[in-house]
Each structure stands twice: as C-alpha cells, then as structure tokens.
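If you use the numbering used here, the sequence shown corresponds to residues 532 to 785, in order. No residue lacks a Cβ here, since even glycine has one placed at the ideal position from N, Cα and C. Have a look at the structure below, then the notes.
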Amino acid sequence: MNKIKNIGILTSGGDSPGMNAAIRAVVRASIYYDIEVTGFLRGYEGLINDDCMPMDRKSVANIIQRGGTILKTARSENFKTVEGRKTAYENLKARKIDALIVIGGDGTFTGANVFAQEYDFPIVGLPGTIDNDLVGTDFTIGYDSAINTVIDAVDKIRDTAESHDRLFIVEVMGRDSGLIALRSGIGVGAEAILIPEANMGVEDVLHKLEHSRKDKASKIIIVAEGDDAGGAFKVGEILQSKYPHYDTKVSVLG
Numbered sequence: 532m533n534k535i536k537n538i539g540i541l542t543s544g545g546d547s548p549g550m551n552a553a554i555r556a557v558v559r560a561s562i563y564y565d566i567e568v569t570g571f572l573r574g575y576e577g578l579i580n581d582d583c584m585p586m587d588r589k590s591v592a593n594i595i596q597r598g599g600t601i602l603k604t605a606r607s608e609n610f611k612t613v614e615g616r617k618t619a620y621e622n623l624k625a626r627k628i629d630a631l632i633v634i635g636g637d638g639t640f641t642g643a644n645v646f647a648q649e650y651d652f653p654i655v656g657l658p659g660t661i662d663n664d665l666v667g668t669d670f671t672i673g674y675d676s677a678i679n680t681v682i683d684a685v686d687k688i689r690d691t692a693e694s695h696d697r698l699f700i701v702e703v704m705g706r707d708s709g710l711i712a713l714r715s716g717i718g719v720g721a722e723a724i725l726i727p728e729a730n731m732g733v734e735d736v737l738h739k740l741e742h743s744r745k746d747k748a749s750k751i752i753i754v755a756e757g758d759d760a761g762g763a764f765k766v767g768e769i770l771q772s773k774y775p776h777y778d779t780k781v782s783v784l785g
C-alpha cells in the first residue's frame with residue numbers, strides 16, 4: 532500500500548459531545564506525521580458536493596471544549612444512491628485524498644462500509660454517538676457526556692418532585708438503545724427504568740411502585756424513547772389514572 536499523504540475527515544448523522552475533540556486529535560496527529568487533512572462539511576453531503584476546507588493547527592484551536600462539530604453534520608439521502616457515492620469517490624480522487632476518517636453512528640458506519648466495499652477505499656470509523664449502540668467499543672464518543680447530562684437534569688427534577696410529592700416520568704434519548712436510560716436511571720436511583728431491551732411493561736412499573744417505600748415523597752421513572760410501552764406520555768397517563776393522589780409530570784430530555 533502506498534504511503535498515505537492526504538486524508539479526508541467528516542462528521543455525519545446526529546452530533547455528539549466530543550466530536551470536536553476527535554477532529555482535533557485527528558488533525559494534530561496527522562500534522563505530526565506530515566499528512567495533509569481535508570475537512571468535508573455536513574457529512575457525506577460534503578463529499579458529494581465537494582464542500583471542504585484544508586485543516587491545520589489553527590483550524591482546530593480552542594475547539595476541544597466545544598459541543599457540536601465544527602465540520603457541521605447532516606444525514607445524506609444522496610449518499611444512499613450509487614450515483615451519489617460515485618460522485619463522492621470522484622471528488623476524493625480529484626483531490627488526491629488517500630483515506631477517509633468518518634465520525635458518527637451506525638448510519639454513518641453503514642454508509643462507510645458500503646462505500647469502502649464498492650471502491651476499495653480505506654476508511655477508518657470513529658464511533659461518535661450518544662446511543663452507544665455500535666459493536667466493538669465499550670463507550671462511544673458522546674455516551675458518557677449524555678449520561679452525565681441526564682443525571683444532572685434528573686437530579687434537579689427530583690428536587691421539585693420531593694417538594695411537591697410528585698411522580699416524574701422522564702424520557703431520555705437513545706433511539707432503539709436503552710443504555711442511556713439504564714445507566715442514568717441507576718445513577719439517579721430511579722424507581723423503574725423502561726428500555727427496549729427488557730420486556731418490562733407498565734404493569735411491572737405499577738408493581739414496583741406499589742412495593743416501593745411508602746414514605747418516599749418523590750418517585751422517578753426513566754423511559755427510553757424507543758421503549759415499547761408507548762413513550763413517557765403514554766406511561767404517564769396510565770400511572771396518573773392508577774395513582775391519582777400523585778401529581779404526575781412528564782419531562783422529555785433531548
């Protein structure tokens with residue numbers, strides 16, 4: 532294999548905390564090894580539209596602490612087509628880019644895998660998603676930050692819940708993965724956690740509430756957005772009808 536002299540980098544799909552830190556690390560490491568870096572804007576759309584910029588130390592200065600992504604991000608329907616991927620490949624070759632680094636989640640990795648197989652093009656994927664739903668890594672970029680954000684928010688919600696004897700149902704992000712709900716629920720001491728991976732319904736939640744401490748003024752239930760129970764609002768309606776003495780509130784984070 533020829534020596535890599537120029538790499539491209541992009542962020543795709545939903546943004547996650549830590550993407551800018553990853554971009555910075557790639558650029559600074561590449562400069563150390565005398566490799567040029569081209570940043571493509573708005574994910575795979577930037578590849579197709581040849582929307583890019585050269586990256587150096589100055590372009591990644593003071594970004595490590597920032598959220599989002601300086602390269603912007605988007606979901607690309609065009610990249611799902613043969614024609615779109617062909618245009619992207621032609622743009623990469625025209626710029627003499629030898630390899631590509633993509634930062635994103637499962638959709639980003641799926642697109643990268645198809646592209647790599649079609650054109651035998653070297654691609655490295657950095658798992659950047661709060662959902663933590665990618666095989667091969669324990670913690671994806673952004674997952675830990677998402678958990679801490681949820682815990683911080685729910686801690687504040689519990690303050691209000693205890694003041695008013697309220698039952699709070701909190702829905703958190705994660706798509707089809709319940710890992711954010713599970714870990715944050717454990718962290719805040721939730722009375723119940725509803726996640727897609729576990730076959731736990733509203734009846735199970737009712738059972739837990741009935742057998743929980745009677746003297747506890749507040750109760751917190753964490754619901755993953757992909758849970759089969761119907762989401763936080765549906766769960767809230769059922770619980771309010773069963774426990775009318777509780778002031779039941781629903782909060783959706785994200």
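Rounded straight-line distance, which links the Cα of residue j to that of residue i
i	j	result
GLY636	GLY599	14 Å
ALA556	PHE764	41 Å
GLY709	ILE595	28 Å
ASN622	MET584	13 Å
LYS536	ILE711	39 Å
ALA755	ARG689	18 Å
LYS603	ARG697	40 Å
VAL483	TYR777	Outside the shown range of the chain, which is 532 to 785, sits residue 483, and nothing can be said about it.
VAL558	ASN533	20 Å
ASP565	LEU713	43 Å
ASP683	ALA625	48 Å
SER694	LYS687	11 Å
GLY720	TYR563	46 Å
ILE769	VAL685	21 Å
ALA553	LEU665	17 Å
VAL781	SER590	42 Å
GLY570	LYS611	21 Å
ALA592	PHE640	27 Å
ASP675	ASP735	28 Å
Nonlocal neighbours in the same chain, by C-beta distance under 7 Å from residue i, ignoring five residues either side
i	result
SER561	ILE538, VAL568
GLU649	ARG616
GLU722	LYS739, LEU740, SER743, LYS750, ILE751, ILE752
LYS773	LEU737
GLN771	THR779
THR618	ILE579
PRO658	LEU665, THR668, THR671, ILE672
ILE601	ASN551, ILE554, ILE594
PRO775	none
Residue j beta carbon less than 7 Å from that of residue i
i	j	result
GLY718	ASP662	no
SER547	GLY638	no
VAL613	LEU541	no
ASP587	LEU572	no
GLY767	THR779	yes
GLY577	SER543	no
GLY757	ASP707	yes
GLY732	ILE724	no
Minimum Cβ-Cβ distance from residue i to chain B less than 7 Å
i	result
LEU698	Included in the structure is just one protein chain, with no chain B present.
Rounded Cβ spacing between residue i and residue j (contact assumed at less than 8 Å)
i	j	result
SER791	ILE628	With the chain running from 532 to 785 in the structure shown, residue 791 is simply not present.
GLY549	THR660	Not confirmed; about 10 Å, so no contact.
Cβ-based neighbour list, residue i, same chain, cut-off 6 Å, excluding 5 preceding and 5 following
i	result
ARG597	ASN551
TYR620	TYR650
ALA630	ILE535, ILE538, PRO653
ALA692	PHE699, SER749
ASN609	ILE579, GLY615
ALA605	ARG573, GLY574, GLU576
Please confirm if the segment 667–677 is in contact with the segment 641–648, defined as three or more CB-CB distances below 8 Å between the two stretches. no
Report yes or no: do the segment 722–737 and the segment 679–687 share at least 3 C-beta pairs separated by less than 8 Å? no
Do three or more CB pairs link the segment 654–667 to the segment 689–702 at distances below 8 Å? no
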